[in-house]
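In the working numbering, the protein residues as written are 2 to 159.
Ideal placement from N, C-alpha and C gives every residue a C-beta, glycine not left out.
Just below is one structure, and these are the notes that go with it.
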Amino acid sequence: MNIHPYVVHFAVALLLAAVALFMVAALGRDRPWSAAVLTAARWNLWLGAPFALASIATGFFDYIAAQCDAEAIAATIIHRRSGAVTWWSSLVAAIAVYRTRHRPPGPRLLAWLVLVGAAAVTVTVLGTRLTYERGLGVDGAWPASAGQCFATERAPPA
Ligand code: HEM
Numbered sequence: 002m003n004i005h006p007y008v009v010h011f012a013v014a015l016l017l018a019a020v021a022l023f024m025v026a027a028l029g030r031d032r033p034w035s036a037a038v039l040t041a042a043r044w045n046l047w048l049g050a051p052f053a054l055a056s057i058a059t060g061f062f063d064y065i066a067a068q069c070d071a072e073a074i075a076a077t078i079i080h081r082r083s084g085a086v087t088w089w090s091s092l093v094a095a096i097a098v099y100r101t102r103h104r105p106p107g108p109r110l111l112a113w114l115v116l117v118g119a120a121a122v123t124v125t126v127l128g129t130r131l132t133y134e135r136g137l138g139v140d141g142a143w144p145a146s147a148g149q150c151f152a153t154e155r156a157p158p159a
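Given below as structure tokens:
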């Protein structure tokens, strides 16, 4: 059973919503509604970061069982690296936002949040290609003779 697709959409949606809400709050900084938007942005980020970690765990879980060839393995390696950037950058942002929770984020933190958003979009585009272009984890998409991804990646070169 593939559990990664059940989890990843929460990570992506929460992180992208967080970034968008932080930007809206920054644009409406002096408006009465901006404090409420900022609170929503913080909670989206604080929920999204653990979901990014869960995405990494479930990604490896699915990868171990999926069938692959060398090209699919290379594509997954780029996907999981961008997933790692998403997780680490969202963790740093979540901590920084917590430490500065009594004031709106400054320009450096806002720039960092743009990086989190870019990483989340990148990992999503690359992950979607794994499923819909390569059929990774899709029943019947690979011949029975195809090896399992993780075992093939770890095997010594022939
Ligand atoms: C923040 C971390 C990650 C995010 C947000 C993410 C996101 C995604 C998305 C959006 C898809 C397409 C899902 C769909 O078709 O509905 C996908 C597929 C996939 N990802 Fe990730 N991913 C992450 C990390 C990883 C890691 C670390 C691996 C480990 C190898 C991985 C392996 C896979 C695999 C094998 C698929 C194909 C579908 C499946 O078998 O589950 N992902 N990912």
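Enclosing alpha helix (DSSP H) for residue i [first to last residue]
{"i": "S90", "result": "71-100"}
{"i": "L39", "result": "35-66"}
{"i": "L131", "result": "108-133"}
{"i": "L103", "result": "Just to set this straight, residue 103 is His in the shown sequence, not Leu. It is not in any alpha helix (DSSP H) - H103 carries neither H nor E in the DSSP assignment."}
{"i": "P6", "result": "5-28"}
{"i": "R155", "result": "150-155"}
Straight-line gap, residue i to residue j (C-alpha atoms, nearest Å)
{"i": "L92", "j": "A76", "result": "25 Å"}
{"i": "H10", "j": "R32", "result": "31 Å"}
{"i": "T101", "j": "A58", "result": "29 Å"}
Residues near residue i in its chain [Cβ-Cβ closer than 7 Å; skip 5 each side]
{"i": "F151", "result": "Y64, I65"}
{"i": "A27", "result": "P105, L111"}
{"i": "G60", "result": "H5, R81, G84"}
Expected contact under 8 Å - CB spacing of residue i and residue j to nearest Å
{"i": "A121", "j": "L16", "result": "5 Å"}
{"i": "L127", "j": "A73", "result": "Between A73 and L127 the Cβ distance is about 12 Å, and since that is not below 8 Å, they are no contact."}
Other residues of its chain near residue i: CB distance less than 6 Å, five sequence neighbours each side excluded
{"i": "A41", "result": "L22"}
C-beta contact flag for residue i and residue j at 8 Å
{"i": "V139", "j": "T132", "result": "yes"}
Pocket of ligand 2 defined by Cβ to heavy atom distance under 6 Å: Absent from the structure shown: ligand 2. Ligands present: ligand 1.
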